[in-house]
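To get my numbering, take the position in the sequence shown, counting from 1, and add 65. Where is the CB? At the ideal position from N, CA and C, for every residue including glycine. Keep in mind it's a predicted model, so treat the numbers as computed, not measured. Please read the structure below before turning to the comments.
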Amino acid sequence: MTTTLKWATSLLPPVLRRTASGAYLDLKSLPDRIRDPSRWREPWQVVHNVGGGDFEKAGQQNLGFLIEHAGLTPAMCVLDIGCGTGRMAAPLLDYLEPGAGYVGFDVSRAAVSACRKRFGARRDDFRFIHVDVRNGEYRAAGAIEETALAFPANDGEIDVALATSVFSHMRLESIRHYLDETCRVLKPGGRFMFTAFALTADRVAAIAEGQAALAFQPWEGGAMVVDPRSPERAIAHPLEALEAAVREAGFSLPAGAIFGGWLPPTQYAGGQDLFVALKP
Ligand SMILES: C[S@@+](CC[C@H](N)C(=O)[O-])C[C@H]1O[C@@H](n2cnc3c(N)ncnc32)[C@H](O)[C@@H]1O
């Protein structure tokens with residue numbers, strides 16, 4: 066997008082900005098869709114914008130991370146927090162054995178209904194649930210605070226939970242609550258793979274030098290945001306605070322943070338930083 070267009074769209078309220086950016090991403094995807102007809106299956110970003118890039122490739126790549134880093138196997142029951150338009154549901158549908166179970170939930174009605182339409186008839190052990198939760202970027206009119214949501218799963222029901230590119234849109238107190246809820250619904254020995262933007266002193270200096278893929282600026286409590294008018298558009302949190310939140314929820318973090326490509330040096334092939342929390 067040109068700089069002027071980016072600036073103009075940044076003045077719009079979040080829902081309009083994301084719709085405009087979704088329409089732009091859809092237009093940009095047309096040549097690829099024409100070259101590779103399998104890409105017509107990809108959901109339109111104008112309906113619910115989960116960000117650019119190759120939708121199916123990113124889903125397959127994240128499935129690989131789940132297998133490699135979170136020990137996912139085909140018989141496991143999965144919770145997909147902020148499932149969006151099914152970037153992870155699509156590869157999981159082929160990977161998980163019938164009856165293994167999958168629960169995806171999201172604050173966006175459009176996203177959940179797109180998932181139900183695309184996947185609902187194919188597997189009755191895949192459930193997509195809309196939660197009427199308030200998020201400044203994705204659902205400003207939500208009725209429930211993020212810090213009050215009871216996840217749609219029973220205690221100890223889930224083997225592996227994931228939240229890809231969701232905590233990067235949440236404040237720390239909300240992340241703390243989501244970690245507590247994830248710990249509640251996981252089986253003992255269960256793992257939670259999530260992504261976030263993590264800050265250290267060196268990384269803050271690198272951001273100031275313009276090395277990051279996103280233009281983060283200082284915000285509250287040591288966090289950084291791309292747009293202070295809509296902090297949930299993209300939030301980076303201090304690594305120490307993220308690690309402490311993980312431990313306070315009852316998890317351990319055996320591999321620490323694995324740094325992604327948004328800010329070099331990069332430790333794995335994904336964009337955001339990767340965390341795999343283990344429930345004892
Ligand atoms: C960048 S998209 C990523 C979607 C999906 N995880 C993926 O990787 O394709 C962020 C998603 O989180 C959802 N979301 C935002 N806040 C949420 C919250 N508090 N609880 C659940 N979902 C949330 C948004 O509606 C959106 O679908």
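- Does any heavy atom of ligand 1 sit closer than 7 Å to the C-beta of Cys180? Translated into the one-based positions of the sequence shown, residue 180 becomes position 115. Outside the cutoff, so no.
- Taking only heavy atoms of ligand 1 into account, decide whether any of them is closer than 7 Å to the Cβ of Ile146. In the sequence shown, counting from the first residue as 1, residue 146 sits at position 81. Relative to ligand 1, the beta carbon of Ile146 is positioned inside 7 Å of a heavy atom.
- Query: Quick one: is Lys344 buried, meaning 16 or more other Cβ sit within 10 Å of its Cβ, or exposed?
  - Reply: Within the sequence shown, numbered from 1, the residue matching residue 344 stands at position 279. Its Cβ being crowded by 16 or more others within 10 Å, Lys344 is buried.
- Determine the direct distance from the alpha carbon of Arg249 to that of Ala218, and round the result to whole angstroms. Within the sequence shown, residue 218 is the residue found at index 153, counting from 1. Within the sequence shown, residue 249 is the residue found at index 184, counting from 1. If you take the alpha carbons of Ala218 and Arg249, they lie about 9 Å apart.
- Of the residues Glu238, Val172, Ala179, which one's Cα is nearest the Cα of Ala206? On the sequence shown, position 141 is the one that residue 206 refers to. For Ala206, the closest of Glu238, Val172, Ala179 by C-alpha to C-alpha distance is Val172.
- Query: Closer than 8 Å, CB to CB, is Lys252 near chain B or not?
  - Reply: This model lacks chain B altogether, as it is built from one protein chain only.
- For the candidate residues Glu308, Leu137, Tyr167, Thr138, whose alpha-carbon lies nearest to that of Asp190? On the sequence shown, position 125 is the one that residue 190 refers to. Checked all of Glu308, Leu137, Tyr167, Thr138; the closest Cα to Asp190 is Tyr167.
- Using the beta-carbon count (16 or more within 10 Å), is Gln282 buried or exposed? The residue you call residue 282 lines up with position 217 of the sequence shown. Burial state of Gln282 is exposed, judged by a 10 Å Cβ sphere holding fewer than 16 other Cβ atoms.
- Item | Proximity winner among Glu246, Ser239, Leu77, Arg298, relative to Phe216 (alpha-carbon distances) | Looking up residue 216 in the sequence shown gives position 151. Nearest C-alpha to Phe216: Glu246.
- Message: Can you tell me whether Ser230 sits near ligand 1, meaning its C-beta is under 7 Å from at least one heavy atom of the ligand?
- Response: Translated into the one-based positions of the sequence shown, residue 230 becomes position 165. Because some heavy atom of ligand 1 lies under 7 Å away, the Cβ of Ser230 counts as near it: yes.
- Could you tell me whether the Cβ atoms of Ala228 and Phe184 are closer together than 8 Å? Indexing the sequence shown from 1 puts residue 228 at position 163. Indexing the sequence shown from 1 puts residue 184 at position 119. Inclusion of Ala228 and Phe184 in the CB contact set at 8 Å is not warranted, their separation being larger than that value.
- Message: If we require 3 or more residues per run, which beta strand (DSSP E) segments fall completely within the segment 134-210?
- Response: Restricting attention to beta strand (DSSP E) runs no shorter than 3 residues, the segment 134-210 encloses them at 143-146, 167-171, 191-195, ordered along the chain.
- Message: In the DSSP assignment, the beta strand (DSSP E) including Lys252 goes from what residue to what residue?
- Response: Taking the sequence shown and counting its residues from 1, the one referred to as residue 252 is at position 187. 251-264 is the span of the beta strand (DSSP E), which, as asked, contains Lys252.
- Message: Taking its Cβ as the centre, do 16 or more other Cβ atoms sit within 10 Å of Leu339, making it buried, or is it exposed?
- Response: Stepping through the sequence shown from its first residue, residue 339 is reached at position 274. With 16 or more Cβ atoms within 10 Å of its Cβ, Leu339 is classed as buried.
- Determine the closest residue to Gly321 out of Trp284, Phe257, Ile300, Leu144, with distance taken between C-alpha atoms. Taking the sequence shown and counting its residues from 1, one reaches residue 321 at position 256. The closest CA to that of Gly321, considering only Trp284, Phe257, Ile300, Leu144, is found on Phe257.
- Task: Kindly indicate which residue of Cys180, Ala299, Ser295 has the alpha-carbon position closest to the one of Leu76.
- Result: For this step, residue 76 is matched to residue 11 along the sequence shown. When only C-alpha atoms are compared, the closest one is Ser295.
- When the Cα atoms are used, what is the spatial distance from Arg187 to Phe170? For this step, residue 187 is matched to residue 122 along the sequence shown. For this step, residue 170 is matched to residue 105 along the sequence shown. Note on geometry: alpha-carbon atoms of Arg187 and Phe170 lie some 18 Å from one another.
- Under a three-way DSSP split, which group does Phe340 fall into? Translated into positions along the sequence shown, residue 340 becomes position 275. In the structure shown, Phe340 falls within a strand segment according to DSSP collapsed to helix, strand and coil.
- Query: What does DSSP give as the partner residues of Met289 in its beta bridges?
  - Reply: In the sequence shown, residue 289 corresponds to position 224, counting from 1. The partner list for Met289 (beta bridge, DSSP) reads Pro283, Ala301.
- Message: Considering only DSSP beta bridges, list what Val311 is partnered with.
- Response: Taking the sequence shown and counting its residues from 1, the one referred to as residue 311 is at position 246. None; Val311 has no bridge partner.
- If I'm right that Ala155 touches Gly117 with Cβ under 8 Å, what's the distance once you round it to whole angstroms? Start at 1 with the first residue of the sequence shown, and residue 155 comes out as number 90. Start at 1 with the first residue of the sequence shown, and residue 117 comes out as number 52. Not quite, the Cβ-Cβ distance comes to about 17 Å (not below 8 Å), so this is no contact.
- Message: Shorter than 7 Å, the distance from the beta carbon of Val172 to the closest heavy atom of ligand 1, or not?
- Response: Along the sequence shown, one-based indexing puts residue 172 at 107. Indeed, a heavy atom of ligand 1 lies less than 7 Å from the Cβ.
- Would you identify the three-state DSSP class for Leu227, choosing helix, strand or coil? Here residue 227 is taken as the residue at index 162 of the sequence shown, counted from 1. Three-state DSSP puts Leu227 in a strand.
- Should Glu305 be labelled buried (16 or more other beta-carbon atoms within 10 Å of its own) or exposed? Position 240 of the sequence shown, counted from the first residue, corresponds to residue 305. Exposed, since its Cβ has fewer than 16 Cβ neighbours within 10 Å.
- Please report the Cβ distance between Phe316 and Ala299, rounded to the nearest whole angstrom; I am assuming they are in contact, meaning their Cβ atoms lie under 8 Å. Stepping through the sequence shown from its first residue, residue 316 is reached at position 251. Stepping through the sequence shown from its first residue, residue 299 is reached at position 234. 24 Å between Cβ atoms; not a contact.
- Message: Output needed for Asn114: all residues of its chain with C-beta closer than 8 Å, excluding positions within five of it in sequence on either side, in chain order.
- Response: The residue labelled residue 114 in the question sits at position 49 within the sequence shown. Contacts found: Arg83, Thr84, Ser86, Gly87, Leu90.
- Message: Do Leu144 and Ile223 have their beta-carbon atoms positioned less than 8 Å apart in this structure?
- Response: Translated into the one-based positions of the sequence shown, residue 223 becomes position 158. Translated into the one-based positions of the sequence shown, residue 144 becomes position 79. Yes. Within cutoff.
- Among Asp101, Ser178, Gly221, nearest to Gly255 - alpha-carbon criterion: Numbered from its first residue, the sequence shown carries residue 255 at position 190. Of the residues Asp101, Ser178, Gly221, the one whose Cα lies closest to the Cα of Gly255 is Gly221.
- Query: If you draw a straight line from the C-alpha of Leu157 to the C-alpha of Lys182, how long is it?
  - Reply: Taking the sequence shown and counting its residues from 1, one reaches residue 157 at position 92. Taking the sequence shown and counting its residues from 1, one reaches residue 182 at position 117. Distance between the alpha carbons of Leu157 and Lys182 is about 16 Å.
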